[in-house]
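Chains as they are written, first to last, in my numbering: chain A, 39 to 151; chain B, 10 to 122. Each remark here refers to the structure printed beneath this line.
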Amino acid sequence: NAGVTQTPKFQVLKTGQSMTLQCAQDMNHNSMYWYRQDPGMGLRLIYYSASEGTTDKGEVPNGYNVSRLNKREFSLRLESAAPSQTSVYFCASSELRGAYEQYFGPGTRLTVT
Amino acid sequence: AQSVTQPDIHITVSEGASLELRCNYSYGATPYLFWYVQSPGQGLQLLLKYFSGDTLVQGIKGFEAEFKRSQSSFNLRKPSVHWSDAAEYFCAVVPVGANNLFFGTGTRLTVIP
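This is how it looks when you write it as structure tokens:
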């Protein structure tokens, strides 16, 4: 039982490049989330998926897209990376949309130069 | 403005000493309240939560938190800190009528021998 896994762990991109961050959970959770963590700002919600087949914007969705591929997987895509997207990205999941105990992955550290 | 505030950016305590981390919120109605911990290089883990009822909440790893409505606070405490408690601690809320977690900026705890 791996919980929430994220790939890659580290990534360096040049401005304008694209990439997809992958997230998978094996807890049969319905809801999944993408956060970014910046120094002095805590975690901010980018997008979430309340259930398979649905996605919604969080606090800071601009510059990102998501795909809920199936119940297990929720990916985050940067179409044209910008230095402002340098951050640590966390994926999380919870049993239900209103079940606030979220389980977090180990994070992806992304640097955009 | 609605917010969750952690006034202390960094706290240093000696091993075996007691600990109190502060969290204040500013919402019209009492939100759901949470404390999460992030160990170095790891994702976040839920320590404890408060929805209603008894204002003293017990969590994992020997932590507890006390909800004080009059002070709009939800401070985290531990009677005797262990070196393994060195981590970053986040207070989080779910405002009434919302479904998302909103995080404070975090308090980094250093434990000295």
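For every residue, glycine included, the Cβ atom is placed at its ideal position computed from N, Cα and C. All values reported here derive from a predicted model rather than from experimental measurement.
Contact with chain B is absent for P46 of chain A, since none of that chain's Cβ atoms lies less than 7 Å from the residue's Cβ.
Collapsing the DSSP output to three states places D17 of chain B in coil. Each of B:T21, B:P40, B:N33 was checked against the Cα of V103 of chain B, and the nearest Cα belongs to B:P40. In the DSSP assignment, L85 of chain B is bridged to B:L30, B:A74. Between the alpha carbons of Q55 of chain A and M79 of chain A lies a distance of about 25 Å.
Along the stretch 87-111 of chain B, the positions whose C-beta sits under 7 Å from a C-beta of chain A are F99, V103, N108, N109, L110, read in chain order.
Those residues of the stretch 20-54 of chain B placed with their C-beta closer than 9 Å to a C-beta in chain A are Y41, F43, Y45, Q47, G50, Q51, G52, L53, Q54, ordered along the chain.
With respect to chain A, the C-beta atom of G68 of chain B has no partner C-beta closer than 7 Å.
Contact between V90 of chain B and V22 of chain B holds: CB atoms are separated by about 5 Å, below the 8 Å threshold. Under the Cβ criterion of 7 Å, G80 of chain A is counted among the residues facing chain B.
Under the DSSP assignment, M79 of chain A falls outside any beta strand (DSSP E); it carries neither an H nor an E label. Per DSSP, the continuous beta strand (DSSP E) segment holding K58 of chain B begins and ends at 53-59. Using a CB distance cut-off of 7 Å, G115 of chain B counts as an interface residue toward chain A.
Across the structure, T146 of chain A and N103 of chain A are spaced so that their CA atoms are roughly 16 Å apart. Burial state of T116 of chain B is buried, judged by a 10 Å Cβ sphere holding 16 or more other Cβ atoms.
Residues of chain B with a Cβ closer than 7 Å to the Cβ of G143 of chain A are, in chain order, G52.
Near chain B, meaning a CB-to-CB distance below 7 Å, the residues of the stretch 94-112 of chain A are G96.
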